[in-house]
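End of the sequence shown sits at 361 in my numbering; the numbers just go up one at a time, nothing left out. For reference, the structure discussed in these notes is given below.
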Amino acid sequence: SGKVPLVVANEDEARELVGGGAGDSIEVDTKIEDALQQLASWCKIAVITLGDKGCLAMAGEERVAQKAFKGFPIEDTTGAGDLFASGFMYGLLRNQPLQRCCEIGCLAGAAVVQVMGAEVSNEGWTWLHSHLHEGRAATLVRGSAAAVQRELLACYELINSIGRGVVYYGSARLKSDHVHFVRSRELGAQISKLLGSPTWTGGGPGMMEAASLGAMDAGMTVGGIRIEREAGTSVRSSAQSYLKPEHTVFCKFLSPRKVALVDAGVRKKEGDRTAYVFLPGGLGTMDELFELFTLYQLNKLGTDFPVPVIIVNYDGFYDCLLDFIKTMEGHGTVGVGEYDQMVVKKNNEEVLQYLQEYYKL
Numbered sequence: 001s002g003k004v005p006l007v008v009a010n011e012d013e014a015r016e017l018v019g020g021g022a023g024d025s026i027e028v029d030t031k032i033e034d035a036l037q038q039l040a041s042w043c044k045i046a047v048i049t050l051g052d053k054g055c056l057a058m059a060g061e062e063r064v065a066q067k068a069f070k071g072f073p074i075e076d077t078t079g080a081g082d083l084f085a086s087g088f089m090y091g092l093l094r095n096q097p098l099q100r101c102c103e104i105g106c107l108a109g110a111a112v113v114q115v116m117g118a119e120v121s122n123e124g125w126t127w128l129h130s131h132l133h134e135g136r137a138a139t140l141v142r143g144s145a146a147a148v149q150r151e152l153l154a155c156y157e158l159i160n161s162i163g164r165g166v167v168y169y170g171s172a173r174l175k176s177d178h179v180h181f182v183r184s185r186e187l188g189a190q191i192s193k194l195l196g197s198p199t200w201t202g203g204g205p206g207m208m209e210a211a212s213l214g215a216m217d218a219g220m221t222v223g224g225i226r227i228e229r230e231a232g233t234s235v236r237s238s239a240q241s242y243l244k245p246e247h248t249v250f251c252k253f254l255s256p257r258k259v260a261l262v263d264a265g266v267r268k269k270e271g272d273r274t275a276y277v278f279l280p281g282g283l284g285t286m287d288e289l290f291e292l293f294t295l296y297q298l299n300k301l302g303t304d305f306p307v308p309v310i311i312v313n314y315d316g317f318y319d320c321l322l323d324f325i326k327t328m329e330g331h332g333t334v335g336v337g338e339y340d341q342m343v344v345k346k347n348n349e350e351v352l353q354y355l356q357e358y359y360k361l
């Protein structure tokens with residue numbers, strides 16, 4: 001009829017569906033590839049599960065072959081098909097590419113076959129999330145572990161959906177008529193046009209809003225990892241936010257938000273164009289800055305390629321901080337070279353010139 005959006009079938013079901021009408025014998029020699037193409041001609045997305053070989057999927061002209069995950073004992077295959085379908089649908093409902101949907105489906109199916117019965121165990125969920133999010137979810141252990149884990153996984157899901165890019169930090173207190181707000185909005189637009197990367201902030205007011213609005217002015221995607229309350233402010237509801245709801249995650253705990261914003265700026269491929277940009281800010285901004293450099297110092301940032309860290313020193317705002325860093329170096333409490341990734345730029349023009357040279361644009 002052409003009205004069925006999705007069909008998920010195993011090998012035998014696929015052969016039977018394309019083998020003829022009711023009462024006809026099943027063509028046991030029907031090739032799976034032929035079955036996939038026939039099913040794809042009847043619906044928008046066709047998926048055939050292949051047991052321990054993985055799955056095949058087709059949507060229009062796009063064809064995907066996903067191998068099954070290995071390296072664990074198989075206790076019971078009950079529920080594997082249902083979990084595959086639920087994982088595939090999870091990805092589909094979050095607008096993930098066909099390849100990613102197949103990957104999540106195979107991961108979900110693999111998680112349930114590691115135990116007896118059709119329910120994924122707590123260990124299975126940990127295994128699933130650790131593979132789904134490149135191992136980052138495997139060590140989420142703390143007193144409020146369940147809540148923190150849910151928030152952090154939601155952040156990772158959003159980062160995976162939007163993509164990594166330029167992360168801005170800065171004060172939540174400065175208003176739209178402040179000169180730093182105006183400059184930061186202009187900078188957000190200019191960097192977005194230059195790098196073509198998504199913009200990430202804490203999703204709050206002040207400098208975060210300025211950079212976000214600038215990127216929106218340039219027609220680029222903006223993501224926000226929001227906290228329930230910024231310093232000296234009350235966070236606006238989703239209806240009042242300048243961010244799209246589907247591009248926003250709310251965090252009750254500060255730790256998932258901080259980890260996620262760092263992750264949003266790492267470079268996993270050489271072609272990634274990301275940066276950490278520090279606009280004028282207060283205690284929270286200083287916290288993020290020194291945490292970032294501590295991660296650099298300990299080689300714990302999690303990036304595969306260097307990421308520029310830019311302090312935007314409008315009107316000498318950060319002069320005292322820079323003096324303090326020199327004082328620490330003079331007393332030997334920080335090593336020479338530990339701040340090599342940090343650059344200080346006085347205005348938007350210097351920031352843009354630096355990024356243009358850094359990424360050879």
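Backbone N, C-alpha and C fix where the C-beta goes; we use that ideal spot for every residue, glycine too.
Would you identify the three-state DSSP class for residue i, choosing helix, strand or coil?
i, result
"residue 102", "helix"
"residue 349", "helix"
"residue 96", "coil"
"residue 109", "helix"
"residue 333", "coil"
"residue 361", "coil"
"residue 242", "coil"
"residue 122", "helix"
"residue 288", "helix"
"residue 74", "coil"
"residue 221", "coil"
"residue 168", "strand"
"residue 88", "helix"
"residue 114", "coil"
"residue 267", "strand"
"residue 9", "strand"
"residue 341", "coil"
"residue 318", "coil"
"residue 46", "strand"
"residue 4", "coil"
"residue 62", "strand"
"residue 248", "strand"
"residue 305", "strand"
According to the neighbour-count rule (16 or more other Cβ atoms, all chains shown, within 10 Å of its Cβ), is residue i buried or exposed?
i, result
"residue 361", "exposed"
"residue 51", "exposed"
"residue 328", "exposed"
"residue 143", "In this predicted model, residue 143 has a pLDDT of only 37, less than 50, meaning its place in the structure is not dependable enough to derive any value."
"residue 283", "exposed"
"residue 66", "buried"
"residue 109", "buried"
"residue 119", "exposed"
"residue 244", "exposed"
"residue 41", "exposed"
"residue 277", "buried"
"residue 97", "exposed"
"residue 290", "exposed"
"residue 88", "buried"
"residue 141", "Per-residue confidence for residue 141 stands at a pLDDT of 36, beneath the threshold of 50, marking its modelled position as unreliable; the derived number appears in the next sentence. Residue 141 should be labelled exposed."
"residue 62", "exposed"
"residue 335", "exposed"
Leaving out five residues before and five after residue i in sequence, what residues of the same chain have Cβ atoms less than 7 Å from its Cβ?
i, result
"residue 297", "338"
"residue 43", "4, 5, 6, 7"
"residue 349", "none"
"residue 270", "305"
"residue 90", "104"
Keeping to the same chain, check which residues put their C-beta closer than 8 Å to that of residue i; ignore five residues upstream and five downstream.
i, result
"residue 343", "308, 309, 310, 311, 354"
"residue 99", "64, 66"
"residue 84", "8, 49, 55, 105, 106, 108, 109"
"residue 359", "195, 273"
Let me make sure I understand the geometry here. Which of the options has the alpha-carbon closest to that of residue i?
i, options, result
"residue 56", "147, 149, 44, 33", "33"
"residue 190", "17, 351, 12, 11", "351"
"residue 286", "202, 131, 321, 64", "321"
"residue 69", "153, 106, 333", "106"
"residue 148", "258, 168, 211, 180", "258"
"residue 251", "152, 39, 171, 15", "152"
"residue 128", "315, 72, 38", "72"
In its own chain, which residues sit with a C-beta less than 6 Å from the C-beta of residue i, not counting the 5 before and 5 after it?
i, result
"residue 133", "156"
"residue 9", "48"
"residue 266", "302, 303"
"residue 195", "273"
"residue 102", "55, 57, 64, 66"
"residue 313", "344, 346"
Worksheet item: Are the stretch 150-165 and the stretch 180-189 touching, with three or more C-beta to C-beta distances below 8 Å?
Response: no
Worksheet item: Any chance the stretch 112-129 sits against the stretch 219-227, with 3 or more Cβ pairs inside 8 Å?
Response: no
Item to complete: Evaluate contact between the stretch 105-120 and the stretch 68-84, counting only Cβ atoms and requiring at least three cross-stretch pairs below 8 Å.
Response: yes
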